[in-house]
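For reference, the structure is listed below as structure tokens.
Number of protein chains: 2
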Amino acid sequence: MAKIIDGKALAKKTNDDTKQMVNELHSLGIKPCLAVILVGDDQASARYVRNKHKKAEQLGIESIVNHLPKETTQAELLKVVNEYNDDDAINGILVQSPLPKHIDEQLITRTIKPEKDVDGFHPVNVGNLFLNEPKNYPVACTPKGVMAMFAEYNIDLTGKKAVVIGRSSIVGRPMAALLINANATVTVLNHYSQDAKSYIKEADVVVAATGKLHMVSGADLKVGATVIDVGQNLNEAGKLVGDVDYESAEKVAGYITPVPGGVGPMTIAILMRQTVELASWSAKND
Amino acid sequence: MAKIIDGKALAKKTNDDTKQMVNELHSLGIKPCLAVILVGDDQASARYVRNKHKKAEQLGIESIVNHLPKETTQAELLKVVNEYNDDDAINGILVQSPLPKHIDEQLITRTIKPEKDVDGFHPVNVGNLFLNEPKNYPVACTPKGVMAMFAEYNIDLTGKKAVVIGRSSIVGRPMAALLINANATVTVLNHYSQDAKSYIKEADVVVAATGKLHMVSGADLKVGATVIDVGQNLNEAGKLVGDVDYESAEKVAGYITPVPGGVGPMTIAILMRQTVELASWSAKND
Numbered sequence: 020m021a022k023i024i025d026g027k028a029l030a031k032k033t034n035d036d037t038k039q040m041v042n043e044l045h046s047l048g049i050k051p052c053l054a055v056i057l058v059g060d061d062q063a064s065a066r067y068v069r070n071k072h073k074k075a076e077q078l079g080i081e082s083i084v085n086h087l088p089k090e091t092t093q094a095e096l097l098k099v100v101n102e103y104n105d106d107d108a109i110n111g112i113l114v115q116s117p118l119p120k121h122i123d124e125q126l127i128t129r130t131i132k133p134e135k136d137v138d139g140f141h142p143v144n145v146g147n148l149f150l151n152e153p154k155n156y157p158v159a160c161t162p163k164g165v166m167a168m169f170a171e172y173n174i175d176l177t178g179k180k181a182v183v184i185g186r187s188s189i190v191g192r193p194m195a196a197l198l199i200n201a202n203a204t205v206t207v208l209n210h211y212s213q214d215a216k217s218y219i220k221e222a223d224v225v226v227a228a229t230g231k232l233h234m235v236s237g238a239d240l241k242v243g244a245t246v247i248d249v250g251q252n253l254n255e256a257g258k259l260v261g262d263v264d265y266e267s268a269e270k271v272a273g274y275i276t277p278v279p280g281g282v283g284p285m286t287i288a289i290l291m292r293q294t295v296e297l298a299s300w301s302a303k304n305d
Numbered sequence: 020m021a022k023i024i025d026g027k028a029l030a031k032k033t034n035d036d037t038k039q040m041v042n043e044l045h046s047l048g049i050k051p052c053l054a055v056i057l058v059g060d061d062q063a064s065a066r067y068v069r070n071k072h073k074k075a076e077q078l079g080i081e082s083i084v085n086h087l088p089k090e091t092t093q094a095e096l097l098k099v100v101n102e103y104n105d106d107d108a109i110n111g112i113l114v115q116s117p118l119p120k121h122i123d124e125q126l127i128t129r130t131i132k133p134e135k136d137v138d139g140f141h142p143v144n145v146g147n148l149f150l151n152e153p154k155n156y157p158v159a160c161t162p163k164g165v166m167a168m169f170a171e172y173n174i175d176l177t178g179k180k181a182v183v184i185g186r187s188s189i190v191g192r193p194m195a196a197l198l199i200n201a202n203a204t205v206t207v208l209n210h211y212s213q214d215a216k217s218y219i220k221e222a223d224v225v226v227a228a229t230g231k232l233h234m235v236s237g238a239d240l241k242v243g244a245t246v247i248d249v250g251q252n253l254n255e256a257g258k259l260v261g262d263v264d265y266e267s268a269e270k271v272a273g274y275i276t277p278v279p280g281g282v283g284p285m286t287i288a289i290l291m292r293q294t295v296e297l298a299s300w301s302a303k304n305d
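Okay, here's the thing in structure tokens:
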């Protein structure tokens, strides 16, 4: 039976640390502040934004939520982003995805100042990550949270075989970069991959990020592998499940993240932490 | 016996195309211009710069070579880079590596305007590449040249197993990104990798970029594999050789690049092509 990587517990620990960092910054007169922009009436997006706002308040992070109507034009949204870019009181800017179709999401991502890019999606930050630059920059929160899990559970990566299933901009690619930087041997699988299962079978670490149910089952895994499930899918019964067939996988894996209670809680904890890091880095550069 | 990927012939073909592109741009009143900055007296660097200058002139590309003394300060070099950034007549800026130790090379790389970054080394361009952005941006010339080889020889990459040996910023990492974007299954090996040989043995495409002699020999390869040798080493006899033991590898590989006459000539051809592309993209954005 695999050891469970408890994302909820690690998120709590991370949040406790973050709260302490916030207190220390407050004592220096620095008030970390996150601005979240929500455009339109998507229910799931509204819920995510509420959760972020609540969590920020719990941790003592100033939180601005700007809820704009779905008719907001691209020019209007750019104007808000640029105001926040210029506002020294704001350390992190997040524009909740997805945006209405009439707005170019990539343009918005690129307009956020790299040093306020709390999501780590700006190309210059992605470039820094992929080049393993030895400086401070934000990194996509989900894969950064996965790295925190490896650290917490002392999971060694150097020289180890890691397989990333999926190559999205927000999970697969930055995850691969982080693992390369951590000296793992990294293979990135995509839906064209031949012999995908043979890579998974040999892997010491499997990160599943495809958004497809039951992509990986216990029979696919090497005994003792670390299995990180980034998937968030609803199964036939309407229950939240990952990309991994947990029941069979936990019998073979050495470590495994559950869904829910694994990667999910860590993503928001890292978002909060990164807001505070941005505030701290910005203060150092003043 | 492997089919030889003739880098010299493809470089010639590429240069012929480039020359035609230059003529077309000239007829529109656009004169592509490359500015190369050389600091100090490194003999090899001076030779590279001379070769670039000569090639640019052959192709009708305006070429500025600014040879600065080795005592040049970082501030003085930054000033020159910024002058070139602001000079609309200059399309590509290249600062020859290595720089004297008192100059922060990464700072210089970041100071070059991304749209004049003919080497493709600026983090924002690397980020664009790693995110597979559907827009025009420069890419590191050596891996871009390798992709041109795959295209020329109709080497299919989709779903294929590609192994990149080495993870440097200028070859291994951008090569991996290009292969991921081309739908290959990409594994990046480093010197910590366990079972490195088992990955190489399974690979349809092997790109060796480690700077170590005889890293890969014929016995390591899958029959019919495509072998790209980015290495440029001097062997015991002082002869230029790659990272691959060519004699044994060509008996097993399906395609192979020789050293010299493989990747090397393509790198400079792509540098020239990219200068012209930058001029063309910049004209479109005016």
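As they're listed, the protein sequences go chains F and R. According to my numbering, the first sequence is numbered sequentially starting from 20. According to my numbering, the second sequence is numbered sequentially starting from 20. Note that the Cβ used here is the ideal one computed from N, Cα and C, for glycine as well. Just so it is clear, the structure is predicted and the values come from calculations on it, not from any experiment.
Do residue j and residue i have their beta-carbon atoms positioned less than 9 Å apart in this structure?
{"i": "Val158 (chain F)", "j": "Val182 (chain F)", "result": "no"}
{"i": "Val246 (chain F)", "j": "Ala228 (chain F)", "result": "no"}
{"i": "Met194 (chain F)", "j": "Met285 (chain F)", "result": "no"}
{"i": "Val242 (chain F)", "j": "Ile184 (chain F)", "result": "no"}
{"i": "Gly111 (chain R)", "j": "Val137 (chain R)", "result": "yes"}
{"i": "Leu78 (chain F)", "j": "Gln115 (chain F)", "result": "no"}
{"i": "Asn104 (chain R)", "j": "Thr128 (chain R)", "result": "no"}
{"i": "Ala21 (chain R)", "j": "Ile275 (chain R)", "result": "yes"}
{"i": "Leu44 (chain R)", "j": "Ser236 (chain R)", "result": "no"}
Which term fits residue i, buried or exposed, when burial requires 16 or more other beta carbons within 10 angstroms of its beta carbon?
{"i": "Asp107 (chain R)", "result": "exposed"}
{"i": "Glu296 (chain R)", "result": "buried"}
{"i": "Thr177 (chain R)", "result": "exposed"}
{"i": "Asp248 (chain R)", "result": "buried"}
{"i": "Asn304 (chain F)", "result": "exposed"}
{"i": "Asp60 (chain F)", "result": "exposed"}
{"i": "Asp175 (chain R)", "result": "exposed"}
{"i": "Pro277 (chain F)", "result": "buried"}
{"i": "Ala75 (chain F)", "result": "buried"}
{"i": "Gln293 (chain R)", "result": "buried"}
{"i": "Ser46 (chain R)", "result": "exposed"}
{"i": "Lys179 (chain F)", "result": "buried"}
{"i": "Met166 (chain F)", "result": "buried"}
{"i": "Met291 (chain R)", "result": "buried"}
{"i": "Asn101 (chain R)", "result": "exposed"}
{"i": "Ser212 (chain R)", "result": "buried"}
Between residue i and chain R, is there a C-beta pair that is closer than 9 Å?
{"i": "Arg292 (chain F)", "result": "no"}
{"i": "His72 (chain F)", "result": "no"}
{"i": "Glu152 (chain F)", "result": "yes"}
{"i": "Lys120 (chain F)", "result": "no"}
{"i": "His45 (chain F)", "result": "no"}
{"i": "Phe169 (chain F)", "result": "no"}
{"i": "Gln125 (chain F)", "result": "yes"}
{"i": "Tyr274 (chain F)", "result": "no"}
{"i": "Pro142 (chain F)", "result": "yes"}
{"i": "Thr204 (chain F)", "result": "yes"}
{"i": "Tyr218 (chain F)", "result": "yes"}
{"i": "Glu81 (chain F)", "result": "no"}
{"i": "Glu95 (chain F)", "result": "no"}
{"i": "Glu221 (chain F)", "result": "yes"}
Going by DSSP, which residues form a beta bridge with residue i?
{"i": "Val55 (chain F)", "result": "F:Val84, F:Leu113"}
{"i": "Ala227 (chain R)", "result": "R:Ile184, R:Asp248"}
{"i": "Lys15 (chain R)", "result": "Residue 15 (chain R) is absent from the model: chain R starts at 20 and stops at 305."}
{"i": "Val235 (chain F)", "result": "F:Val263"}
Under 9 Å between C-beta atoms, does residue i make it to chain F?
{"i": "Ala215 (chain R)", "result": "yes"}
{"i": "Val207 (chain R)", "result": "yes"}
{"i": "Ile199 (chain R)", "result": "yes"}
{"i": "Ala195 (chain R)", "result": "yes"}
{"i": "Thr186 (chain R)", "result": "Checking the displayed sequence, the identity of residue 186 (chain R) turns out to be Arg instead of Thr. It does: the Cβ of Arg186 (chain R) has a partner Cβ on chain F nearer than 9 Å."}
{"i": "Glu134 (chain R)", "result": "no"}
{"i": "Gly257 (chain R)", "result": "no"}
{"i": "Val41 (chain R)", "result": "no"}
{"i": "Val145 (chain R)", "result": "yes"}
{"i": "Arg192 (chain R)", "result": "yes"}
{"i": "Glu102 (chain R)", "result": "no"}
{"i": "Glu90 (chain R)", "result": "no"}
Along chain A, in chain order, which residues have C-beta atoms closer than 7 Å to that of residue i?
{"i": "Gly178 (chain R)", "result": "Of the protein chains in the structure, F and R, none is chain A."}
I'd like the ranges of any alpha helix (DSSP H) spanning at least 4 consecutive residues and lying wholly in the segment 249–276 of chain F.
265–268
Hey, which unbroken runs of the beta strand (DSSP E) at 3 residues or more fall wholly within the segment 89–166 of chain R?
111–114
Any alpha helix (DSSP H) of 4 or more consecutive residues that is wholly inside the segment 165–209 of chain R
191–200
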